[in-house]
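Novice: So for the sequence shown, our numbering puts the first residue at 188; every next one is plus one.
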Amino acid sequence: MRDCAPCRDAVHVAPVLAPRVRQFALALDEAARLQALVSGYVYSSVARLERFCSWADAALGSRLVPLLRTRSLDHVSAQRCRRTVVPSLVAYVCPKLPFGRAYRTRSEDYIFSAIDRVAARRYIDARTALVLGREDGCLASFRRARQVGATTVYDLPIAHYQTVREILEREEAEFPGIGTAPGTRALFAADRIEHKEEELRAADPVAVASAFV
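(1) Counting pairs of Cβ atoms below 8 Å between the segment 256 to 263 and the segment 302 to 311, do you hit three or more?
(2) Kindly indicate the opening and closing residues of the beta strand (DSSP E) around Arg-269.
(3) From this set, Ala-265, Arg-267, Phe-299 and Leu-317, which residue's C-alpha is nearest Leu-276's C-alpha?
(4) Using the C-alpha atoms, what's the distance from Ser-249 back to Ala-212?
(5) Using the C-alpha atoms, what's the distance from Leu-374 back to Tyr-348?
(6) Can you name the start and end residues of the beta strand (DSSP E) that His-347 belongs to?
(7) For Ala-265, which residues in the same chain have their Cβ closer than 7 Å to its Cβ, ignoring the five residues on either side in sequence?
(8) Since Thr-338 sits in a beta bridge, which residues does DSSP pair it with?
(9) With Ala-223 as the anchor, note down where its beta strand (DSSP E) starts and where it stops.
(10) Using C-beta distances below 8 Å, list every residue in its chain close to Arg-220, excluding the 5 sequence neighbours before and after it, in chain order.
(11) Hey, could you find the ends of the alpha helix (DSSP H) Ala-301 is sitting in?
(12) Is Val-229 helix, strand or coil when you go by DSSP?
(13) Straight-line CA distance for Cys-191 to Thr-315?
(14) Alpha carbon to alpha carbon, how far is Arg-372 from Pro-206? Give it in angstroms, no decimals.
(15) Are Ala-376 and Thr-339 touching if we call contact CB-CB under 8 Å?
(16) Using a 10 Å radius around the Cβ and a threshold of 16 neighbouring Cβ atoms, would you call Phe-329 buried or exposed?
(17) Pick from Cys-325, Leu-204, Leu-255 and Val-225: whose alpha carbon is nearest that of Arg-270?
(18) Does DSSP classify Val-273 as helix, strand or coil?
(19) Checking the sheet assignment: what are the DSSP bridge partners for Ala-197?
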């Protein structure tokens with residue numbers, strides 16, 4: 188990492204806003220390091236969409252704003268959040284479609300990849316010294332980080348895919364058919380495994396959620 192005084196030089200690529208992601212973002216922002224948090228939809232009370240939804244709630248009695256507020260990032264500066272709304276819309280709609288469950292893994296891949304590409308193309312630049320990215324959603328960002336000389340931190344929120352596969356194989360032996368459930372086989376498709384391996388090769392340190400992971 189570049190040797191410099193504290194500055195806004197960290198890009199956090201966050202396709203999901205899990206508690207762990209929120210903690211990372213808050214820590215970076217409080218340290219005045221967060222250059223940008225690139226995600227899907229993030230609630231902003233002053234944006235046009237939210238103002239329209241607030242008007243609709245008042246006029247029609249709907250409850251759109253409470254739904255949108257579930258994607259809030261409390262205590263993280265709204266100026267640091269970079270929203271990519273379309274992938275979040277896909278994430279919301281796809282599970283509700285008749286075929287949505289069967290294609291859940293691939294729809295998530297699309298969402299993660301779309302946000303990753305936006306981060307790499309628009310927000311990682313010569314100022315960036317650190318890129319923090321989540322498993323399955325940071326390959327383009329890590330490649331861009333290499334181009335600008337930034338350190339890459341790989342967030343692995345669950346066990347390594349090989350461990351997950353071994354667990355599922357044991358469960359398949361005990362409960363035949365569980366490994367062929369809709370979407371399960373897609374988890375270990377060859378292109379997804381190669382994508383994970385490329386991310387790991389492009390990473391510097393790996394941040395894990397527990398000793399088990």
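Don't be surprised by glycine CBs; every beta carbon is placed ideally from N, CA and C.
Specialist: Once the coordinates are examined:
(1) no
(2) 268 to 270
(3) Phe-299
(4) 31 Å
(5) 9 Å
(6) Where His-347 is concerned, there is no enclosing beta strand (DSSP E), given that its DSSP letter is neither H nor E.
(7) Ser-231
(8) Leu-317
(9) 221 to 226
(10) Pro-193, Cys-194, Arg-195, Asp-196, Ala-197 and Leu-317
(11) 291 to 305
(12) coil
(13) Unreliable placement is indicated for Cys-191, whose pLDDT of 49 sits below 50; no coordinate value is reported for it.
(14) 28 Å
(15) no
(16) buried
(17) Val-225
(18) helix
(19) Leu-221 and Leu-317
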